[in-house]
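*Asks:*
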Amino acid sequence: MLIYRRTSLLESTAQTLVNTVNCVGIMGKGIALEFKKREPEMFAAYKRICDQKLLAPGKLWLWRGEDHLTLNFPTKLHWRNPSKLEWIEAGLRKFVENYKALGIGEVSFPRLGCGNGGLDWDDVRPLMERYLSPLPIQVYIHDFTVDIGLPEHMEAVANKLRGERASDSNFESFMQSLYRATDLVRGNLLDISSKSPIDAFIIDGHLKLRFEEREWTFDREDLRGVWVGLQKGLLTKEKAGWTSMEGGGPLLSLISLLPHVRPIQIQKAECQAELAVELLPTLGADEAIPESKKQIEMAWR
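Per numbering that gives the first Met the number 0, the sequence shown runs over residues 0 to 300.
#1: Out of Trp60, Gly224 and Gly186, state which residue places its alpha-carbon closest to the alpha-carbon of Phe72.
#2: Just the Cα atoms here: how many angstroms apart are Thr242 and Thr19?
#3: Which of the three DSSP states is assigned to Tyr98 in this structure?
#4: Return helix, strand or coil for Arg63, following the three-state DSSP convention.
#5: Can you list, in chain order, the residues of its chain with a C-beta nearer than 7 Å to that of Arg129? Leave out the 5 residues immediately preceding and following it.
#6: In three-state DSSP terms, what is Val123?
#7: Please confirm whether Leu256 and His141 have their CB atoms less than 8 Å apart.
#8: If distances are taken between C-alpha atoms only, which option among Pro150, Gly246 and Tyr45 comes closest to Trp62?
#9: Alpha carbon to alpha carbon, how far is Val156 from Pro184? Give it in angstroms, no decimals.
#10: Identify, in the order they occur along the chain, each residue of the same chain with its Cβ nearer than 6 Å to the Cβ of Ala199, setting aside the five sequence neighbours on each side.
#11: Quick check: what's the CA-CA separation for His259 versus Val227?
#12: Cβ of Gln137 within 8 Å of Cβ of Glu105?
#13: Might you give, ordered along the chain, the residues of its own chain that have their beta carbon closer than 7 Å to the beta carbon of Phe94, omitting 5 neighbours on each side?
#14: With a 10 Å radius around its C-beta and 16 neighbouring C-beta atoms as the bar for buried, classify Leu1 as buried or exposed.
#15: At which residues does the beta strand (DSSP E) containing Glu105 begin and terminate?
#16: When you compare the CB positions of Trp215 and Gly246, do they come within less than 8 Å of one another, or not?
#17: Whole angstroms are fine: how far does the CA of Leu274 sit from the CA of Ile191?
#18: Straight-line CA distance for Glu65 to Thr12?
#19: Enumerated in chain order, which unbroken segments of the alpha helix (DSSP H) with a length of 4 residues or greater are wholly contained in the segment 120-207?
#20: Look at Pro56 and Ala89 and say whether their C-beta atoms are less than 8 Å apart.
#21: Between Leu229 and Val276, which are expected to be in contact by the criterion C-beta below 8 Å, what is the C-beta distance as a whole number of angstroms?
#22: Can you list, in chain order, the residues of its chain with a C-beta nearer than 7 Å to that of Glu33? Leave out the 5 residues immediately preceding and following it.
#23: Going along the chain, which residues of its own chain have a beta-carbon closer than 7 Å to the beta-carbon of His152, five neighbours each way excluded?
#24: Measure the alpha-carbon distance for Gly27 versus Lys36 and round it to whole angstroms.
Given below as structure tokens:
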């Protein structure tokens, strides 16, 4: 499934992050420079590969880091020259042909060849969608960032919760924070997207939400499923409302108050932008990295 994720790619908890590079061993600007700072050993290997003339558009180089994979994707020959659309397509074709064999199950892409590459996103976007949308793995494209803020009075509740509990690492602490948030925000909870009021209250241990003349009830097992979904990654309104379909959106607004999560904007192809929730980047559970006997410097040639 392809989802546009409006956060920094460098904050992504995806198993594999895509780094756009040239073929002359320079990571001097943009996202490549940030990867150089984060992965100095990778940069040294990348420079050696480029010095040996082994990297070219259409060849992808996979680096196995300590907590994620980095897929180095050539979008230009020399850093001084612009990218070409055919190079983007060649790399995407190579990715589609090889991702499964290398155990890639989740990946975050930037806008390939745009920015310093000089390509028009209106040309690159349909190309990326054509190759990536059909894949049976989770694919994210970080096209731009959107800061989803909370209304001021809800931010005050979130700050109070952060002061009371540093993080919620298990289901019981998640439930305690959720109940506490419901108590603190009583009568003042708003839907983050529409700014319409939501009534939230606890009755006999069950969470009840009332929004626009609709009411939903979530018991412990319903909320356990929500917690599990949050640990696995992106929590969408469909996953949050897995037992009470249309109640997922209002529930996300309440969960956004918790100290260990943040609301973000996502967009699925041909759909409107929507709210989702994820664990803060420093608290996300690491995705399994495929084991290898040694670092394969040129995984795809």
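Each residue gets a CB set at the ideal place from its N, CA and C atoms; glycine is no exception.
*Replies:* On the basis of the coordinates in this document:
#1: The residue given as residue 72 occupies position 73 in the sequence shown. Looking at the Cα atoms, Trp60 is the closest of the given residues.
#2: Residue numbering aside, residue 242 sits at position 243 when the sequence shown is read from its first letter. Residue numbering aside, residue 19 sits at position 20 when the sequence shown is read from its first letter. Rounded to whole angstroms, Thr242 to Thr19 spans 40 Å at the Cα level.
#3: Your numbering for residue 98 matches position 99 in the sequence shown. Residue state, collapsed to three classes: coil.
#4: Counting from 1 along the sequence shown, the entry for residue 63 is found at position 64. In the structure shown, Arg63 falls within a strand segment according to DSSP collapsed to helix, strand and coil.
#5: Numbered from its first residue, the sequence shown carries residue 129 at position 130. Same-chain partners within the cutoff: there are none.
#6: On the sequence shown, position 124 is the one that residue 123 refers to. Here DSSP, grouped into helix, strand and coil, assigns Val123 to helix.
#7: Taking the sequence shown and counting its residues from 1, the one referred to as residue 256 is at position 257. Taking the sequence shown and counting its residues from 1, the one referred to as residue 141 is at position 142. Not a contact, by the Cβ cut-off of 8 Å.
#8: Counting from 1 along the sequence shown, the entry for residue 62 is found at position 63. Residue Tyr45 is the option with its Cα nearest to Trp62.
#9: Residue numbering aside, residue 184 sits at position 185 when the sequence shown is read from its first letter. Residue numbering aside, residue 156 sits at position 157 when the sequence shown is read from its first letter. One point to set straight first is that residue 184 is Val, not Pro, in the sequence displayed. The alpha-carbon atoms of Val184 and Val156 are separated by roughly 7 Å.
#10: If you number the sequence shown from 1, residue 199 lands on position 200. Thr181, Leu188, Leu208 and Leu253, listed in sequence order.
#11: Along the sequence shown, read from residue 1 onward, the residue named residue 259 stands at position 260. Along the sequence shown, read from residue 1 onward, the residue named residue 227 stands at position 228. Cα-Cα distance, rounded: 14 Å.
#12: For the purposes of this step, residue 137 is identified with residue 138 of the sequence shown, where counting begins at 1. For the purposes of this step, residue 105 is identified with residue 106 of the sequence shown, where counting begins at 1. Their beta carbons are under 8 Å apart, which means Gln137 touches Glu105 by this criterion.
#13: For this step, residue 94 is matched to residue 95 along the sequence shown. These residues qualify, in order along the chain: Leu59.
#14: On the sequence shown, residue 1 is found 2 positions in, with the first residue counted as 1. Classification for Leu1: buried.
#15: The residue given as residue 105 occupies position 106 in the sequence shown. Taken as a continuous stretch (DSSP letters only), the beta strand (DSSP E) holding Glu105 covers Glu105 to Phe108.
#16: Within the sequence shown, numbered from 1, the residue matching residue 215 stands at position 216. Within the sequence shown, numbered from 1, the residue matching residue 246 stands at position 247. Against a cut-off of 8 Å, the Cβ pair of Gly246 and Trp215 comes out as a contact.
#17: Here residue 191 refers to the residue found at position 192 of the sequence shown. Here residue 274 refers to the residue found at position 275 of the sequence shown. Counting only the Cα atoms, Leu274 lies some 8 Å from Ile191.
#18: Residue numbering aside, residue 65 sits at position 66 when the sequence shown is read from its first letter. Residue numbering aside, residue 12 sits at position 13 when the sequence shown is read from its first letter. Whole-angstrom Cα-Cα distance: 13 Å.
#19: Correct list: 120-131, 151-163 and 170-183.
#20: Here residue 56 is taken as the residue at index 57 of the sequence shown, counted from 1. Here residue 89 is taken as the residue at index 90 of the sequence shown, counted from 1. For the 8 Å CB-CB criterion, Pro56 and Ala89 form a contact.
#21: For the purposes of this step, residue 229 is taken as the residue at position 230 of the sequence shown. For the purposes of this step, residue 276 is taken as the residue at position 277 of the sequence shown. About 7 Å separates the two Cβ atoms, so the contact holds.
#22: Within the sequence shown, the letter at position 34 stands for residue 33. The beta carbon of Glu33 is closer than 7 Å to those of Leu9 in its chain, skipping five residues each way along the sequence.
#23: Residue 152 sits at position 153 when you count from the first residue of the sequence shown. The answer, listed in chain order, is Asn187.
#24: Within the sequence shown, residue 27 is the residue found at index 28, counting from 1. Within the sequence shown, residue 36 is the residue found at index 37, counting from 1. When rounded, the distance between both Cα atoms is 10 Å.
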